[in-house]
Every structure is written in structure tokens, then in C-alpha cells.
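Working notes, beginning with the structure itself.
There are 2 protein chains.
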Amino acid sequence: MKYAKLRPESTPSVTAPLCVGLAGLGTVGAGVVALLDANASLIERRADRPIVVTAVSARDRGRDRGVDTARFAWVDDATELAHRDDVDVVVEMIGGSDGPALVLAKATLTAGKAFVTANKAMLAHHGLELAALAEARGTALKYEAAVAGGIPVIKGLREGAAANRLTRVYGILNGTCNYILSRMEAEKLSFDAVLADAQRLGFAEADPSFDVDGIDAAHKLSILAAIAFGARIDFASIAIEGIRAVAAVDIDHAATLGFRIKLVGLASEVDGALFQRVHPCLVPHAHPLAHVDGSLNAVVAEGDFVGRLFFSGRGAGAGPTASAVVADLIDVARGEVGPAFAMPTARLAALGVADTAEHVGRFYLRLTVADRPGVLAELTAALRDAGVSIESLIQRGTTVSDTAGGGGVYVVMVTHAVRQSAVAAALRHMAASDSAVAPPVMMHLLDF
Amino acid sequence: MKYAKLRPESTPSVTAPLCVGLAGLGTVGAGVVALLDANASLIERRADRPIVVTAVSARDRGRDRGVDTARFAWVDDATELAHRDDVDVVVEMIGGSDGPALVLAKATLTAGKAFVTANKAMLAHHGLELAALAEARGTALKYEAAVAGGIPVIKGLREGAAANRLTRVYGILNGTCNYILSRMEAEKLSFDAVLADAQRLGFAEADPSFDVDGIDAAHKLSILAAIAFGARIDFASIAIEGIRAVAAVDIDHAATLGFRIKLVGLASEVDGALFQRVHPCLVPHAHPLAHVDGSLNAVVAEGDFVGRLFFSGRGAGAGPTASAVVADLIDVARGEVGPAFAMPTARLAALGVADTAEHVGRFYLRLTVADRPGVLAELTAALRDAGVSIESLIQRGTTVSDTAGGGGVYVVMVTHAVRQSAVAAALRHMAASDSAVAPPVMMHLLDF
Numbered sequence: 009m010k011y012a013k014l015r016p017e018s019t020p021s022v023t024a025p026l027c028v029g030l031a032g033l034g035t036v037g038a039g040v041v042a043l044l045d046a047n048a049s050l051i052e053r054r055a056d057r058p059i060v061v062t063a064v065s066a067r068d069r070g071r072d073r074g075v076d077t078a079r080f081a082w083v084d085d086a087t088e089l090a091h092r093d094d095v096d097v098v099v100e101m102i103g104g105s106d107g108p109a110l111v112l113a114k115a116t117l118t119a120g121k122a123f124v125t126a127n128k129a130m131l132a133h134h135g136l137e138l139a140a141l142a143e144a145r146g147t148a149l150k151y152e153a154a155v156a157g158g159i160p161v162i163k164g165l166r167e168g169a170a171a172n173r174l175t176r177v178y179g180i181l182n183g184t185c186n187y188i189l190s191r192m193e194a195e196k197l198s199f200d201a202v203l204a205d206a207q208r209l210g211f212a213e214a215d216p217s218f219d220v221d222g223i224d225a226a227h228k229l230s231i232l233a234a235i236a237f238g239a240r241i242d243f244a245s246i247a248i249e250g251i252r253a254v255a256a257v258d259i260d261h262a263a264t265l266g267f268r269i270k271l272v273g274l275a276s277e278v279d280g281a282l283f284q285r286v287h288p289c290l291v292p293h294a295h296p297l298a299h300v301d302g303s304l305n306a307v308v309a310e311g312d313f314v315g316r317l318f319f320s321g322r323g324a325g326a327g328p329t330a331s332a333v334v335a336d337l338i339d340v341a342r343g344e345v346g347p348a349f350a351m352p353t354a355r356l357a358a359l360g361v362a363d364t365a366e367h368v369g370r371f372y373l374r375l376t377v378a379d380r381p382g383v384l385a386e387l388t389a390a391l392r393d394a395g396v397s398i399e400s401l402i403q404r405g406t407t408v409s410d411t412a413g414g415g416g417v418y419v420v421m422v423t424h425a426v427r428q429s430a431v432a433a434a435l436r437h438m439a440a441s442d443s444a445v446a447p448p449v450m451m452h453l454l455d456f
Numbered sequence: 009m010k011y012a013k014l015r016p017e018s019t020p021s022v023t024a025p026l027c028v029g030l031a032g033l034g035t036v037g038a039g040v041v042a043l044l045d046a047n048a049s050l051i052e053r054r055a056d057r058p059i060v061v062t063a064v065s066a067r068d069r070g071r072d073r074g075v076d077t078a079r080f081a082w083v084d085d086a087t088e089l090a091h092r093d094d095v096d097v098v099v100e101m102i103g104g105s106d107g108p109a110l111v112l113a114k115a116t117l118t119a120g121k122a123f124v125t126a127n128k129a130m131l132a133h134h135g136l137e138l139a140a141l142a143e144a145r146g147t148a149l150k151y152e153a154a155v156a157g158g159i160p161v162i163k164g165l166r167e168g169a170a171a172n173r174l175t176r177v178y179g180i181l182n183g184t185c186n187y188i189l190s191r192m193e194a195e196k197l198s199f200d201a202v203l204a205d206a207q208r209l210g211f212a213e214a215d216p217s218f219d220v221d222g223i224d225a226a227h228k229l230s231i232l233a234a235i236a237f238g239a240r241i242d243f244a245s246i247a248i249e250g251i252r253a254v255a256a257v258d259i260d261h262a263a264t265l266g267f268r269i270k271l272v273g274l275a276s277e278v279d280g281a282l283f284q285r286v287h288p289c290l291v292p293h294a295h296p297l298a299h300v301d302g303s304l305n306a307v308v309a310e311g312d313f314v315g316r317l318f319f320s321g322r323g324a325g326a327g328p329t330a331s332a333v334v335a336d337l338i339d340v341a342r343g344e345v346g347p348a349f350a351m352p353t354a355r356l357a358a359l360g361v362a363d364t365a366e367h368v369g370r371f372y373l374r375l376t377v378a379d380r381p382g383v384l385a386e387l388t389a390a391l392r393d394a395g396v397s398i399e400s401l402i403q404r405g406t407t408v409s410d411t412a413g414g415g416g417v418y419v420v421m422v423t424h425a426v427r428q429s430a431v432a433a434a435l436r437h438m439a440a441s442d443s444a445v446a447p448p449v450m451m452h453l454l455d456f
């Protein structure tokens, strides 16, 4: 795709509406219709032309969606939207990494029409291919809503921080996990109890695994990393750990030590290799991420000239998602579109994969051990032998009632900075000891 | 200015460098050179073409600036940059609302060249005229660095939040004030003591009035308000109050009540009128602005669909400012430029001015009164008579030694939500009382 140096004065006036074909009329698709209705005149002023939905497609034509969709042309097969003369840009709200969403994306871009989506799973798996297709056809692939909902982080990284060599990008990328962890902390409840309640309230899916196992956060992280480091998306190499193993006792100990536990997605470039990881993480109270509560999302980008940029806001829901989708439509209407991943795909680097086991940082360890003399000496010797130095240690005099083995006590430690492989070696040694009542728990600390 | 619907496939390839003429080689101008040198290859990948400085202008040709400027063409009169064939875009780092900066801006835009600036004073006073000139000539006026330094808030409002009717925009817009207030709180020092130290350390100017009297924050606020509300810039109508009157005792009392004092710039649209104010403000600990410390800046935008967006980062300094300037240059190189204030100037509304005295909110009041029986009854009666209801009150049994009159005691109150004019009436009554030892102090609370 080529770009004009500056748009010449002679560019013809375009005051015709930008016509949108909308595929998918769930909560978010209906939210896009509601937003375009509510703020039509404002959007026309900002885009210098109206933005109107002309045709829609969804599974069930008859369903009441709270917005009037009878005024739009209806197509049963979403792919038709790509070929209609009354559609300039397709908004895809179907979801799923493959299947109808991907078919529609390819058809739309092949037809030379702009494609706007919130589909992080599809981008994580097929983003590079779609970006190349958009480039070849001289059209736009836009996806602000795919990461962190209404927060303009794609724009913030792609354009706002574009002058910087970014050292790392990280954040709280899944509102369901942050909601669960926040409630576990505030109400001293277990993961299972909060999850069940969140499902009842509609804050978590019936099958919550995409969220609580970290997959959704990893999809988003892979997109952020590609933009931040000018790299090809590499979802497959992300080390992913969800929040199922986070116990109330860990949250409690972390608080005592000055931390809050958050599910953090983190990417950095280490010696030309891409380091990408999603994991529960102890965040110090002084870090702005520690204060991102409930279902909010937040992204931090650290650049060599700008320093630390922090963005937060609502990461999901009909309103914030529609806000991001329509922001993309306004960019398209204004003609302010360029390469999907901040640079032409041919310039994206194929970075190697950093070995996360070689990562150096501080770690939180929780061991559940038999309550008898000499155990602490055994533990500390095992850590010393593995070269792991202890920064702080908590052992309370209470026995543990909720572990499978029963009768143990918790020993909680924070290490000094050390290679992860060394900690893993020490933990293997400890797990094999007959002093261990339950498997050890290890979590990362946010060190920066 | 007209926009292409979508950039057609036939747009010619432009791989020639974007050539920059740089006016002003102070800390920030030199920072732009340093950044373009340090990240040249990365910027070329992101912009799909090199961005190079070709010509520069500054007051003193011989000065050592820590970057090599001998390789650039030198012009004594910055205005020449507008007319050179080897300059595509002019970056203005001269400063000042009028004078050479304004002459250069007009010459550059008139010549049909893009103009990038960090000059908030010039934009606050002449932004509308310059935006209209850019539109008429089909070129770009870009100014990300003018507000909140490296934080991409102009882009965040202009594009990221463009789908929303914004209800308000506010933030911490002056790093010098935030640094002074943060140190006053942390070290329990007076304004004068911290200011003197900040001047010694180079964090405050020899003449600090632009910063500490709120003028700089107001310049930035006027720009944010124009973008947020689609309104013509109206700097003249901003109610401005700086931080000179904030006393250590106010910071201390605010902390007791659960607040931190920040200089906040706030704009909202009230019944079609523009409400704009810069003032010291008590921010509740639960609000993200309360955790913005030291010289950091932060901006909050609240939209009808997106909810609350929060941006923070470094608001000044060579690195962050250069980051924003070069982000603008990358936008220009990519051809992703549109109307300076988010919509064509003809579509910007000329809003009326909201009467800030009619504002309803909670207030912090500090009264210094004689330590004798009946005074508290007199005060509370005066407030009752003015219709002001008290939410909390602190009177400590210690006499005040640092007031002019001497011998008084402080009575500190937070009101329930009330019209500002009612509070002002009560304060006038109290100030006239012979119980008053020193003038009353009133500050706003951030209520949302």
C-alpha cells in the first residue's frame, strides 16, 4: 500500500455517507447501531460526512435487539455484505478465529473495502495474512475494539508512541479476570465462589476458559506486541497461565507484602527475540496497574523517549466496544488509514522466541509444608543450593485446613532477582521432599 | 479541506524522505534531532519513508547542543524555512504566543506546508485562525506535544474518543504545579520553600507565573475543550486560579478528609455553554488523578459510550516532547492528517460561556477565626443562612501561629453539594465578621 505524501489540494470533495455493512447483531453489534443513531450529527461533524448503516446480517432476523434494524437491508449470508454496492466498509461482530468471520474478512478486503473488527482471536491467528491482503488491495484493516475495548491503545501504540523504541508493553487485558481477582480480594472469597457469582451476574461466560485461562488476554497481547515491536504476530509462542490457581491466601499474603495480584500480559523484546507471557503477577501498590479495579483494563507502554505511558478505561461491554468500532469508522471516513500493524507487513520482523525460563526477576513462592522442626531449614537450604536469595519471608503459626494433605503450614517468600530456571529447580527439589504437604505455588512480581 | 473516501490503489508511491525544517534548538528542539537520529531506521519502517531534518534555525548558531547540527542548512530567519524547497514540514520550537513563532506558522501554512508545534500559548490564542489557514491550503496543523507532553491525548480525543459525546474533559496539565504540590505534601513544606527549591533544581522557571498561576494549564485546557466539544477555542473565558494560595495546612487537612490537592483543569459543556476552569482541587483518594505524582500529567475524558478514559505519562521534558513531535511527523509522512481540531473549522460551534458561579458542587472551606466562645455557632449560622449544608468539619484545639493576625484557630469544612454563589455569599459574610482572623480559603472538590 502506498501513501500520498500529503493529500493534495485537488482531492475531490467527498460528502457522501460512509455506508456500513454490519455483520453480527449481538450486544456489541446492536451497540454500534445505537451509537451511530445517538451521535449521528456529532459524528457527521467529526468525519465531515455521515456514517450510516445500510445492510446487516445476523443469525436470527426476528430477535428484539433494542434498536430498530428493520430499516436496514438484510442479508442471510454475511459474506454478501462484501459485495453490495451500498456497502463501503464492513463491521464484523460475529466472533471466532475462523469460520464465517474469517470468510467475511477475506471477502471484504479482497473486494477492496475497509474492514473493521473487534475479533482478537481472528487477528491473533490470521492478522498478518489479513493485513497483507488489505495492503495489496489498498484498503484498511482496523481493529481498535479488539484490544482493551474503548481505550484507544491500538492508536496509542501505532501512532501516539510511534517515534519510540518500545522496551515493553504490558497490562491488564481481561476484564473478567480482573473482576474476579478484585472481588476475591475485596470479599476474601475463593476463585470458584467468585466465578460462580460472576457467571450468575453475566460477567463471566458459561464456559469461562477463554477468559480465566488467559487465552483472551494472550490474543490481545499478541496484537499489542506486533505493533509495539514491529514484529509479526506470534500468538503460538506466548507462555500462558490463567488465574484458576490463584488462591485467596495468595491474595492475602501479597497484600501483607505490599502487592496486589493481577493477571498481566507482558511483552518485551530481548536481544532480538520476542518475550511474551500472560500470568498472574504481584503488582506493587506504587504501580498504577495496582489501582485498576473491577472490570477495567489498562495498558502500559514504555518507550525510550516518552518514558511510561499509561492508558486505562473500560475494556468490554457494548458502549466501549461500539466507541472503538465507530472511532475506526471515523478514521476510515476521514481517510486516515494506514498499515494495520503500524508498518507495511513486509517490514515486520520475524523475531525469535525468548526463553521465558531465562527471565530474571523476583518471584513470590508459597509452600505448604509439614508443621515440624527443621522444615524451614530444609527449605532455605534448598533455595540456597539453587542460588535463590530470599528478600522476605512470612510464616504464620496457623495450620492450614483447606489443603488436600491437611495439617501443613504456609511458608511464603519473595525472592531477590534471580533466573526463573533457578527458582524452578529449587521448587522441584522442594516438591519432592516429604515435608511438602501440597505442590508449591510460584508467581512473578512486576519489577518495574 | 477535503478528504478522499479511501486512498485509491493508484496513489503514487512516495518513498522520498519527509524533509523537516526545525525552528528552535533549545532542549526540546535538540531532543527532536536526537530522537530522529536514535530511532531513524525504526521511524523509517513505521512511516514507510525516512524522516530527516534538512534545515534549522535558532538564535545562537555556535552553541553546543549535544547533537550535531552542522550537517543541516542554517537559516538566520526562521521564516525562511517555510520557503525552502528542501523543507516539506516545519517544526516550530520557538515558543511564545505571537512574534516569530506566529509569523513562521502563517508563512508555513500559507506555503501549503505542514506545521508541527508544541506551542500551546500560540494555539490558545491563534489556533482557530491557523487551523482555518491549514484547511484552506490543504495542509496539516499538528500539535500533539502542546498538551500533556508525550501522552497522546490530542490523538486520544480527536480520534480515539471521536464517536462519543464527551461530558467532560479534565486533568493535571502542568507538571511544575504537580511537582510542587506533591513535594509540599510529601515533605510538609510551604509553597514558597518548594518553589525556591524547584527553581534551584531547574524544575521551575525563574519567572514561574505561567506555571504556578495556572496560565499554562489554561492554554492546554482551551485546546482540549475545543477538540472535546467541537467548539471554537475560547481561552479568554477560562476562570483561572493557580496554586500560590495553597497552604501546607490545606494539604494536611485534605489528607485527613481523604483527598489530595491537585491543580486541575476542567472543561464541560453545560446546556450549550462552555464551562472551563483551572483551579486547585481536592481529589478523592479513590480517583485515579489522586495517584498522579511528581511532574507527571494526566487527562481524563468521559464519553457517553466509552465511559471514563484515563491517560497519564510525562508531560514535559525533551524526550516526551520530542516523542509527540515526531509522532506528528510520522502522521504527516503517512498522510494520516485531517482537521486540526477534529472537524473542519466551519463546523466548530461558538459556544456561550457557562457561569462558573452557578456551578453546583462540594467545597472545601478553611476559616481562620478567633479562639473564643460562640465563633463556631456564628460560622455555622452564616452557612445555614446562605443555604450551605456541612458534610464534615474539623476543628483542632491548636492555635495558629503563622497567620498575620495571630492567635486564631482553623475551622475546616467540606460542604454538601451546593451552588458556588451560595458559598461565596457565606464567605463574604464570614470575612466581614470580627471573628475572622484571616481571609477564608475555598477550594473545589472533584465530585466525579
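Here the protein sequences line up with chains E and V, keeping their order. So the first sequence is numbered by our numbering: it starts at 9 and just counts up by one. So the second sequence is numbered by our numbering: it starts at 9 and just counts up by one. We treat Cβ as the ideally placed atom computed from N, Cα and C, and that holds for glycine.
- Taking all protein chains shown into account, Ala439 (chain E) has fewer than 16 neighbouring C-beta atoms within 10 Å of its C-beta and is therefore exposed.
- In the DSSP assignment, Met438 (chain E) is bridged to no other residue.
- Nearest Cα to Ala358 (chain V) within the set V:Phe243, V:Tyr418 and V:Phe313: V:Phe243.
- With a threshold of 9 Å between beta carbons, Pro160 (chain E) makes contact with chain V.
- For the options E:Phe123, E:Ala153 and E:Leu453, the alpha carbon positioned closest to that of Arg268 (chain E) is the one of E:Leu453.
- Following the DSSP letters along the chain, one finds Ser331 (chain E) inside the alpha helix (DSSP H) bounded by residues Ala326 to Arg342.
- Of all residues in the region 35 to 49 of chain E, only Gly39, Ala42, Leu43, Leu44, Ala46 and Asn47 place a beta-carbon less than 9 Å from a beta-carbon of chain V.
- Within the same chain, and ignoring the five residues on either side of Ser276 (chain V) in sequence, the residues whose Cβ sits closer than 6 Å to its Cβ are Arg176 and Phe283.
- At a Cβ-Cβ threshold of 9 Å, Arg370 (chain V) and Glu399 (chain V) count as neighbours.
- Only Ala169, Ala170, Ala171, Asn172 and Arg173 from the region 169 to 192 of chain V bring a Cβ to less than 8 Å from some Cβ of chain E.
- Contact of Ala358 (chain E) with chain V by beta-carbon distance below 8 Å is absent, the smallest such distance being about 14 Å.
- Counted as a single uninterrupted DSSP element, the alpha helix (DSSP H) harbouring Ser49 (chain E) occupies residues Ala48 to Ala55.
- Using beta-carbon distances, Leu337 (chain V) counts as an interface residue toward chain E, with a partner under 9 Å.
- The continuous alpha helix (DSSP H) containing Thr118 (chain E) extends over residues Pro108 to Thr118.
- A direct Cα-to-Cα measurement between Leu141 (chain V) and Ala81 (chain E) gives close to 42 Å.
- A Cβ of chain E is located within less than 9 Å of the beta carbon of Pro296 (chain V).
- Between Met101 (chain V) and chain E, the shortest Cβ-Cβ separation is not below 9 Å.
- Straight across, the Cα-Cα distance linking Asp219 (chain E) with Ile251 (chain E) is about 9 Å.
- Not a single CB atom of chain E sits nearer than 9 Å to the CB of Ile231 (chain V).
- Interface annotation, Asp93 (chain V): not in contact with chain E, CB-CB separation never under 9 Å.
- For the region 263 to 296 of chain V, the residues whose beta carbon sits under 8 Å from a beta carbon of chain E are, in order, Pro296.
- With its beta carbon at least 9 Å from every one in chain E, Leu387 (chain V) lies outside the interface.
- Contact annotation: the region 255 to 272 of chain E touches the region 287 to 299 of chain E, with at least three C-beta pairs closer than 8 Å.
- If you draw a 10 Å sphere on the C-beta of Arg166 (chain E), you find 16 or more other C-beta atoms in it, and that means buried.
- Counting only runs of at least 4 residues, the region 149 to 236 of chain V fully encloses the following alpha helix (DSSP H) elements, listed from N- to C-terminal order: 183 to 195, 199 to 209 and 217 to 220.
- Close to chain V, meaning a Cβ-Cβ distance shorter than 7 Å, are the following residues of the region 318 to 336 of chain E: Phe318, Phe319, Ser320, Gly321, Arg322, Gly327, Pro328, Ala330, Ser331, Val334 and Ala335.
- For Ala434 (chain V), the CB contacts under 7 Å within the same chain, skipping 5 residues up- and downstream, are Ala390, Leu391, Ala394 and Val396 in chain order.
- Contact of Phe313 (chain E) with chain V is assigned, a C-beta pair being separated by under 9 Å.
- Distance from the CA atom of Val124 (chain V) to the CA atom of Arg73 (chain V), rounded to whole angstroms, is 21 Å.
- Membership of Thr77 (chain V) in any beta strand (DSSP E) is not indicated, and neither H nor E is assigned to it by DSSP.
- Residue environment: His424 (chain E) is assigned as exposed (fewer than 16 neighbouring CB atoms within 10 Å of its CB, all protein chains considered).
- In this model, Leu136 (chain V) and Lys128 (chain E) are separated by some 39 Å (Cα to Cα).
- Within the DSSP bridge table, the entry for Leu454 (chain E) names no partner.
- DSSP, read as helix, strand or coil, puts Phe243 (chain V) in helix.
- Annotation for Met421 (chain V): the continuous beta strand (DSSP E) segment containing it runs Gly416 to Thr423.
- Taking the beta carbon of Glu195 (chain V) as reference, no residue of chain E falls within 7 Å; the closest one sits roughly 18 Å away.
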